[in-house]
Every structure is written in C-alpha cells, then in structure tokens.
Amino acid sequence: MTIKRIAILISGRGSNMAALIDGVRSGAIANAEVAVVISDQPTAAGLERAMQFGIETVTIERQGRSREEHDREIVAALKLRNIDLVCLAGYMRVLSADFIDAYRGRILNIHPSLLPSFPGLNAQQQALDQRATISGCTVHFVDETLDGGPIIAQREVPVSEGDTAESLAARILIAEHQLYPEAVNLALSQLAEASTCQQ
Ligand code: GRF
C-alpha cells in the first residue's frame, strides 16, 4: 500500500488543516501523509500551526498576476512534491480550469452549508437569512462550478433560535473538523481502489 501525499491549501486560520493533520497522525486518514501546506497569504495563521506540526510550508502569493499564472506556480509546486490529493481548507480563491484539469477528481473542498443550499461566501448568514432550521457542512470534489462539484459527505447541524452568523459558524466548524478527515479517508480509499483496478 503506497502512502498518498496530501497538500493542503489555506488562506487563513487553518483549523480544518489542523484537523486533517490530526486525522493523518491518528490514523483516521489511513495510508497518507500531509506533504505540504501552501498558502496564498503570507500572514495566514495556519502557516505557523503547520510549522509547529513540522510540515513543510510554502507561500505563493498572487502578486498581481492572473489567476492562471498564479495557479501555474501552485500546480508546479504540487507536481514537484508528487502530490496525490489537494485539500482546500479555507482557501479563498477560485481555481483556474487548468488547475482543476491537472488534479481532476483529486481536489476536495469543505463548505459550511448543506450544498447545494447556500453556496459561495457567507454561507452561515445565508442560512439565517433563509430561516433554515438545519444547516451543516459538505465536503465535495472541486470542479468548474462554484461549490457545485460531486458531494463526498455531509453532516447536519441544527440552527438555534437567536443564532448569529458567528455562533452558527462555530457550531458548524465542530462538525467540519469531524467530517473533513472522514471524507478525505473515503476519497483516498476510492482513489486506491481505482488505481488497483487500472493495474
Ligand atoms: C471553514 O468554515 C470552511 O468551511 C470554509 O472556510 C472556513 C475555514 O476555516 N471553506 P479554517 O481556516 O479551516 O479554520
């Protein structure tokens, strides 16, 4: 069984990143290692956390370049490290078509709603605005649509009376930290099966 190499892309806090690293270390994500954490923001708090875990960190800023140019540099960094799976964890940029093509079926994202409800930004506020009584989180494959790729796993989270976007986000985040490692483990086992079938 080969060890699959995961890259995590972040822009900020990195709590889902930490949950994935913990998942790999505890064995909840089997036969995998987190090979690199890449941020587009040099000040992302998650970078410091990744370093504390002893994981290689790389910052690749947009620096006024086109999305395509920026993504080319990121894809080159992924290829250089023989990455098998890319996990977006609070990565605040839309990926270019070339990036998605380079890793089609091997890019995952976590979103704080039960997709297809409430895609895009401020998903928790959208849920409150629509008076949803149940929200949650979704891990899905990334394709060219906005938060619209095939769903891997979802978890429901109740909306409480008097919730603010912040209180709902905090409750959903707890579920995210459980769901993302489970979904990554599932996706990796499917990838492993697919590669066995091709042999
Ligand atoms: C999470 O709510 C995630 O669902 C969304 O961005 C947030 C990132 O939080 N895509 P963190 O950086 O993982 O703490």
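Using our numbering, read the sequence shown as starting at 16 and increasing by one per residue. Positions of the beta carbon are idealized from the N, C-alpha and C atoms, including for glycine.
Contacting residues, own chain, Cβ-Cβ under 8 Å from residue i (five flanking each side not counted)
i           : result
residue 208 : none
residue 184 : 127 and 139
residue 72  : 51, 52, 53, 54, 62, 65 and 66
residue 148 : 173 and 174
residue 204 : 45
Beta-carbon contacts of residue i that lie in its chain and below 6 Å, excluding the five residues immediately before and after
i           : result
residue 186 : 172
residue 33  : 64
residue 44  : 38, 196, 199 and 200
residue 141 : 133
residue 90  : 114 and 117
Other residues of its chain near residue i: CB distance less than 7 Å, five sequence neighbours each side excluded
i           : result
residue 138 : 126, 127 and 128
residue 13  : Nothing in the structure corresponds to residue 13, since the chain is present only between 16 and 214.
residue 130 : 153, 155, 162 and 166
residue 83  : 111 and 113
residue 178 : 143
residue 92  : 53, 73 and 75
Whole-angstrom C-beta distance between residue j and residue i, which should lie under 8 Å
i           : j           : result
residue 21  : residue 47  : 6 Å
residue 123 : residue 189 : Wrong, their Cβ atoms sit about 19 Å apart, outside the cutoff.
residue 29  : residue 104 : 7 Å
residue 57  : residue 88  : Incorrect: roughly 14 Å between the Cβ atoms, too far for contact.
residue 195 : residue 35  : 6 Å
residue 24  : residue 101 : 6 Å
residue 193 : residue 170 : 7 Å
residue 70  : residue 49  : 5 Å
residue 118 : residue 26  : At roughly 18 Å, the Cβ-Cβ gap does not stay under 8 Å, so residue 118 and residue 26 are not in contact.
residue 191 : residue 31  : 6 Å
residue 98  : residue 157 : That pair is no contact at about 14 Å.
Residues bridged to residue i [DSSP beta-bridge criterion]
i           : result
residue 170 : 152
residue 103 : 24 and 124
Closer than 8 Å to chain B by CB, residue i
i           : result
residue 179 : The structure shown contains no chain B; it holds only a single protein chain.
**Message:** Threshold first: 4 residues or longer. Then list the alpha helix (DSSP H) segments lying entirely within the stretch 47-96, N to C.
**Reply:** At a cut-off of 4 residues, the continuous stretches assigned as alpha helix (DSSP H) that sit fully inside the stretch 47-96 are 60-67 and 82-95.
**Request:** Report the residue ranges of all alpha helix (DSSP H) runs contained in full by the stretch 107-168; include only those spanning at least 4 residues, in chain order.
**Result:** 112-117 and 138-144
**Length-filtered (3 minimum) beta strand (DSSP E) runs lying within the stretch 166-210** = Unbroken beta strand (DSSP E) runs of no fewer than 3 residues, entirely contained in the stretch 166-210, are found at 166-173, following chain order.
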